[in-house]
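> The sequence shown begins at 688 in the working numbering and counts up one residue at a time.
Glycine included, each C-beta is placed from N, C-alpha and C at the ideal position.
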Amino acid sequence: MSVPAAYLGLIGIWTTTPLAIKWSGEGANYLFAVSARMAIGMIFVMIFLKLVRSPLPWHKKARQTYFTAGMGIYGAMLAVYWGAQFVPSGLIAVIFGLSPWVTTLFAILWLHEPGLNESKFFGLVAGLIGLGLVFGGGPTGSTDTWYGVIAILVAVVIHAASAVWIKRIGSDLSAISINVGGLMIAVVLYLLTWAIFDGQWPTQISQRAGMAILYLGLFGTAVGFSLYYYALKKLPAATMALITLVTPVSAMILGRTLNNEVMATEIWVGTGFILGGLLLHHWGQGLWQSVVVICAAKRLKPSDDAIDRA
Numbered sequence: 688m689s690v691p692a693a694y695l696g697l698i699g700i701w702t703t704t705p706l707a708i709k710w711s712g713e714g715a716n717y718l719f720a721v722s723a724r725m726a727i728g729m730i731f732v733m734i735f736l737k738l739v740r741s742p743l744p745w746h747k748k749a750r751q752t753y754f755t756a757g758m759g760i761y762g763a764m765l766a767v768y769w770g771a772q773f774v775p776s777g778l779i780a781v782i783f784g785l786s787p788w789v790t791t792l793f794a795i796l797w798l799h800e801p802g803l804n805e806s807k808f809f810g811l812v813a814g815l816i817g818l819g820l821v822f823g824g825g826p827t828g829s830t831d832t833w834y835g836v837i838a839i840l841v842a843v844v845i846h847a848a849s850a851v852w853i854k855r856i857g858s859d860l861s862a863i864s865i866n867v868g869g870l871m872i873a874v875v876l877y878l879l880t881w882a883i884f885d886g887q888w889p890t891q892i893s894q895r896a897g898m899a900i901l902y903l904g905l906f907g908t909a910v911g912f913s914l915y916y917y918a919l920k921k922l923p924a925a926t927m928a929l930i931t932l933v934t935p936v937s938a939m940i941l942g943r944t945l946n947n948e949v950m951a952t953e954i955w956v957g958t959g960f961i962l963g964g965l966l967l968h969h970w971g972q973g974l975w976q977s978v979v980v981i982c983a984a985k986r987l988k989p990s991d992d993a994i995d996r997a
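Structural data, given as structure tokens:
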């Protein structure tokens, strides 16, 4: 599969995932919803692994990669599902728009990538302003809403840390192997968590919730995670986070259209700041250099009077 195709597939899946997460919790505890999703996803990827006759390596780097991926899946998705009880689906995608900066910070620490230049710094400032506006327009309800926003932020940190650490390990594993190995660890942790803190089989699940869990298991987990690890091997970690440049707006529109979610004006303005900050973060340096070159060229260009005197 080509990298652009995987990238576009991820954009589509990540656009629909927040709303599907909201729907999957209708009539069921969030622990059951996320555990069922991951178990279904693991079944699908293990069947696929068997069909393509791909091996599941178990050397040291492979085990490290599986552990890192599994803890990332477990920690990030657990926080997202808990927080999704209290915030609109579109807001989940907006907060995940901050992941490029978190990813960049981890990449500086663990991959020794270059630090923040002028454009990345101003992009970070714009992103923080946007986050402040989102906080101002979002958590206006109960305290639980604040908890939900904080939980999504925790998920962003765990997700970014897992992605960068997998890059640091640098294993030569296939994307499907990483997905299978990570899910093997994550599903065990999810089932234990569900058994300890809930353990109740839901008495009634709406058709929409059941379809959402199945969709998330097949596309959000089996397909989506495989595409993610495939693209992560081919692209820099920070470039992977660029997907969040598109999904906040598309997810908000989807939530407004299909779930009647109403977003305050501050959230839309804050989203604009976050997306503008992302543009500066990734492409601002080239624009900055172009402006410097143009200004220098104008300064060096001889004036008309000097040409006439010559």
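Evaluate G886 with the Cβ neighbour count: other Cβ atoms within 10 Å of its Cβ, from every protein chain shown; 16 or more gives buried, anything less gives exposed.
The residue given as residue 886 occupies position 199 in the sequence shown. Counting the other CB atoms within 10 Å of its CB gives G886 a total below 16, which places it among the exposed residues.
> Between which two residues does the alpha helix (DSSP H) containing F783 stretch?
Position 96 of the sequence shown holds residue 783. F783 -> alpha helix (DSSP H) spans 776–783.
> Going by other Cβ atoms of all chains shown within 10 Å of its Cβ, with 16 needed for buried, is S806 buried or exposed?
Locating residue 806 in the sequence shown gives position 119, where the first residue counts as 1. Buried.
> With a CB to CB cut of under 7 Å and the five nearest residues on each side skipped, what residues in its chain are close to V721?
Translated into the one-based positions of the sequence shown, residue 721 becomes position 34. Excluding sequence neighbours, V721 sits near M764, L765, Y768, Y877.
> Comparing alpha-carbon positions, which option in I930, I900, Q894 lies nearest M725?
Counted from its first residue, the sequence shown places residue 725 at position 38. The option with the nearest alpha carbon to M725 is I900.
> L922: which of A951, G857, Q751 sits nearest, CA to CA?
Along the sequence shown, one-based indexing puts residue 922 at 235. Minimum Cα distance to L922 is reached at G857.
> Do the segment 943–958 and the segment 775–785 touch if we need at least three Cβ pairs shorter than 8 Å?
yes
> Helix or strand or just coil, what does DSSP make of L922?
As a first step, residue 922 must be located in the sequence shown, where it is residue number 235. Three-state DSSP puts L922 in coil, outside helix and strand.
> Can you tell me the Cα-Cα spacing of L811 and P889, whole angstroms?
Numbered from its first residue, the sequence shown carries residue 811 at position 124. Numbered from its first residue, the sequence shown carries residue 889 at position 202. If you take the alpha carbons of L811 and P889, they lie about 43 Å apart.
> Only counting the same chain, and skipping five residues up and downstream in sequence, which positions put a Cβ closer than 7 Å to that of I863?
The residue given as residue 863 occupies position 176 in the sequence shown. Cβ neighbours of I863 beyond the five flanking positions: V732, F735, L736, S741, S913.
> How would you label G819, buried or exposed, when you count the other beta carbons within 10 angstroms and need 16 or more for buried?
Position 132 of the sequence shown, counting from 1, holds the residue named residue 819. Result: exposed.
> Kindly provide the ranges of any beta strand (DSSP E) runs that are 3 or more residues long and lie completely inside the segment 732–762, ordered along the chain.
none
> To the nearest angstrom, report how far apart V851 and T791 are at their CA atoms.
Stepping through the sequence shown from its first residue, residue 851 is reached at position 164. Stepping through the sequence shown from its first residue, residue 791 is reached at position 104. Roughly 9 Å separates the two Cα atoms.
> State the Cα-Cα distance for the pair L962 and A756, rounded to the nearest angstrom.
For the purposes of this step, residue 962 is taken as residue 275 along the sequence shown, with counting starting at 1. For the purposes of this step, residue 756 is taken as residue 69 along the sequence shown, with counting starting at 1. Whole-angstrom Cα-Cα distance: 27 Å.
> Quick one: Cα of Q891 to Cα of A715, how far?
Taking the first residue of the sequence shown as 1, we reach residue 891 at position 204. Taking the first residue of the sequence shown as 1, we reach residue 715 at position 28. The alpha-carbon atoms of Q891 and A715 are separated by roughly 7 Å.
> How many angstroms separate the CA atom of T958 from the CA atom of V836?
The residue labelled residue 958 in the question sits at position 271 within the sequence shown. The residue labelled residue 836 in the question sits at position 149 within the sequence shown. If you take the alpha carbons of T958 and V836, they lie about 15 Å apart.
> Please classify A692 as buried or exposed, where buried requires at least 16 other C-beta atoms within 10 Å of its C-beta.
Looking up residue 692 in the sequence shown gives position 5. A residue is called buried once 16 or more other Cβ atoms fall within 10 Å of its Cβ, and A692, having fewer, is exposed.
> 7 Å is my cut-off, CB to CB: does S722 come that close to chain D?
Here chain D cannot be found, since the structure has a single protein chain.
> Starting from T880, trace the alpha helix (DSSP H) both ways and give me its first and last residue.
Sequence index remark: in the sequence shown, residue 880 carries index 193 (1-based). T880 -> alpha helix (DSSP H) spans 862–884.
> Given a cut-off of 7 Å, decide if T934 and A780 are closer than it, judged by their beta-carbon atoms.
Along the sequence shown, one-based indexing puts residue 780 at 93. Along the sequence shown, one-based indexing puts residue 934 at 247. For the pair A780 and T934, the CB atoms are nearer than the 7 Å cut-off.
> Quick one: residues in its chain with C-beta nearer than 8 Å to the C-beta of G712, no 5 flanking neighbours on either side, listed in chain order?
Within the sequence shown, numbered from 1, the residue matching residue 712 stands at position 25. So the qualifying residues of the chain are A720, Y768, A771, Q772, A896.
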